[in-house]
Amino acid sequence: MQSFHPPRRLLLGPGPSDVPRRILDALARPTIGHLDPAYVGMMEELKTLLRYAFKTANPLTIPVSAPGSAGMEACFVNLVEPGDTVIVCRNGVFGGRMRENVVRAGASAVMVDDEFGRPVDPEKVEAALRANPGAKALAFVHAETSTGARSDAATLCRLAREHGALSIVDTVTSLGGCEVDVDGWGADAVYSGSQKCLSAPPGLSPVTFSPRATETVKARKVPVQSWFLDMSLVMAYWDGTGGRSYHHTAPINMTYALHESLLILHEEGLEAAWARHQANHERLRAGLQTMGLALLGDDDGARLPQLNPVVVPEGVDEAGVRRALLDDHGIEIGAGLGPLAGKIWRIGLMGASSRPEAVDRLLGALAQALG
Ligand code: PLP
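This is the structure in structure tokens:
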């Protein structure tokens, strides 16, 4: 056996996205101890940068040491107790994963279903909140990676607040790619992933808890069933004020990479990054149109710029085209998930992958693959 050297790819799927050399270089810097004062200083900066990306002043804003699914789980296991009721919006695959989390935390999930490809319907959510007074939380996916739909997070968080429920928001695919405004929305528990519009490798999940969510964790009647994800323990590890205490060994080099990716976002500016994602989405959409290809869903502001679901034309070998893109052009795109399997391709223009040359290269390759 020999060292592994991965093939060169252009990553235009649903994540991970291309990781720039600058971030890979950060990853390769020397590993130091996770309680080393130099490292602790970097952790403080990382929290500040995450607050910038999430647009929040929440003190409890940290990267969970595991991928996006762990950030999701951290929100549910900390805020939901056995016997609670949680309203879960499902307009794609990841809403279904949220439901699993609720049920496994011993709570009941009231589902608000919308067609895959459509955003969450706030009217249905309001009806569910009315029908379930005392619901602990409302959970929804802001950017559904399985369909490319964007839901109205500001309205949904407001509805939760008006009905005395916490909001749990998935921004795995939105953070850095389109507007995320945690404090403006008044969101309570929000999680993301490092590998999408932040363009760091997968393996870290930024999360932020509002003061209301933090109080809820402190007021729990039963301990969090997950020792690793228990925020009251994790908080002490990430808290720079009271002297840091060992909880687990952070994935040190991965945090260097996330730090670098957030610096890049900060240098570009949030608004500029969102505008870049929008411009490259429009470039792709125009190119697809000239090839006679259509995007799933309506163009009514609910479409994500960073995840483009392309309808597979009648008679075309969906998997064959993806394979040809990979084998002949080194380009990865994604397949449909769940009920959309075989029906769409998912073209991600996330983070460093959202650039005009990438769009043009893909359009050329797609034209060849479709013959
Ligand atoms: N939520 C959404 C919307 C996602 O797109 C993903 C991953 O694609 C996840 C959660 C889970 O993240 P991870 O695969 O990093 O565990």
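Its first residue numbered 1, the sequence shown is counted upward by one per residue in the UniProt record's numbering.
Don't be surprised by glycine CBs; every beta carbon is placed ideally from N, CA and C.
query, result
"Can you list, in chain order, the residues of its chain with a C-beta nearer than 6 angstroms to that of residue 74? Leave out the 5 residues immediately preceding and following it.", "64, 207, 229"
"Enumerated in chain order, which unbroken segments of the beta strand (DSSP E) with a length of 3 residues or greater are wholly contained in the segment 298-343?", "307-311"
"With DSSP as the reference, label residue 207 as helix, strand or coil.", "strand"
"By the DSSP assignment, the beta strand (DSSP E) with residue 140 in it spans what residues?", "137-141"
"Using a Cβ-Cβ cutoff of less than 8 angstroms, which residues in the same chain neighbour residue 273 once the five nearest sequence positions on both sides are dropped?", "176, 177, 197, 265"
"Can you tell me the Cα-Cα spacing of residue 167 and residue 49, whole angstroms?", "23 angstroms"
"Enumerated in chain order, which unbroken segments of the alpha helix (DSSP H) with a length of 4 residues or greater are wholly contained in the segment 51-137?", "68-79, 93-104, 122-131"
"So, with DSSP's three-state summary, where would you put residue 295?", "strand"
"Which residue marks the beginning of the beta strand (DSSP E) containing residue 170, and which one marks its end?", "166-170"
"Confirm the yes/no value for this check: CB of residue 346, any heavy atom of the ligand PLP, distance under 8 angstroms.", "no"
"Say yes only if the C-beta of residue 250 is nearer than 8 angstroms to one or more non-hydrogen atoms of the ligand PLP, and no if none qualify.", "no"
"Could you give the C-beta distance for residue 346 and residue 334, rounded to a whole number, given that I count them as a contact under 8 angstroms?", "4 angstroms"
"My output table needs one value for residue 186: the three-state DSSP class, helix, strand or coil.", "coil"
"If we ignore side chains and look at the alpha-carbon of each, how far apart do residue 236 and residue 339 end up?", "42 angstroms"
"What residue range is occupied by the uninterrupted alpha helix (DSSP H) comprising residue 261?", "252-268"
"In terms of alpha-carbon separation, which member of 38, 70, 21 lies closest to residue 226?", "70"
"By Cβ distance below 6 angstroms, which residues in the same chain neighbour residue 146 in space, the five residues on each side in sequence not counted?", "92, 93, 337"
"Using the beta-carbon count (16 or more within 10 Å), is residue 189 buried or exposed?", "buried"
"Report the rounded CA-to-CA distance for residue 116 versus residue 342, giving the unit in angstroms.", "14 angstroms"
"For residue 162, report the span of its alpha helix (DSSP H) as first-last.", "153-162"
"Where does residue 32 fall in DSSP's three states?", "coil"
"Quick one: using the 10 Å Cβ neighbour count with 16 as the cut-off for buried, is residue 286 buried or exposed?", "exposed"
"Among 353, 204, 260, which has the Cα closest to the Cα of residue 276?", "353"
"What did DSSP end up calling residue 10 once you bin it into helix, strand or coil?", "strand"
"Is the beta carbon of residue 23 less than 9 angstroms from the beta carbon of residue 260?", "yes"
"Who pairs with residue 149 in a beta bridge, going by DSSP?", "144, 303"
"Quick check on residue 371: does DSSP put it in helix, strand or coil?", "coil"
"Under 9 angstroms, do residue 203 and residue 67 count as touching if we go by C-beta distance?", "yes"
"DSSP state of residue 22, grouped into three classes?", "helix"
"Rounded to the nearest angstrom, what separates residue 103 and residue 84 at their Cα positions?", "10 angstroms"
"Go through its chain and collect everything with a Cβ distance to residue 55's Cβ below 8 angstroms, but skip five positions before and after it.", "180, 181, 182, 183, 184, 270"
"Is it buried or exposed for residue 192, if we count other Cβ within 10 angstroms and need 16 for buried?", "buried"
"Below 8 angstroms on the Cβ atoms is my contact criterion, and I expect residue 262 with residue 53 to pass it. Report the Cβ-Cβ distance as a whole number of Å.", "6 angstroms"
"Which residues does DSSP list as the beta-bridge partners of residue 345?", "310, 335"
"Would you list the one or two residues that DSSP bridges to residue 191?", "170, 207"
"Output the boundary residues of the alpha helix (DSSP H) element that contains residue 350.", "Run containing residue 350: none; DSSP gives neither H nor E here."
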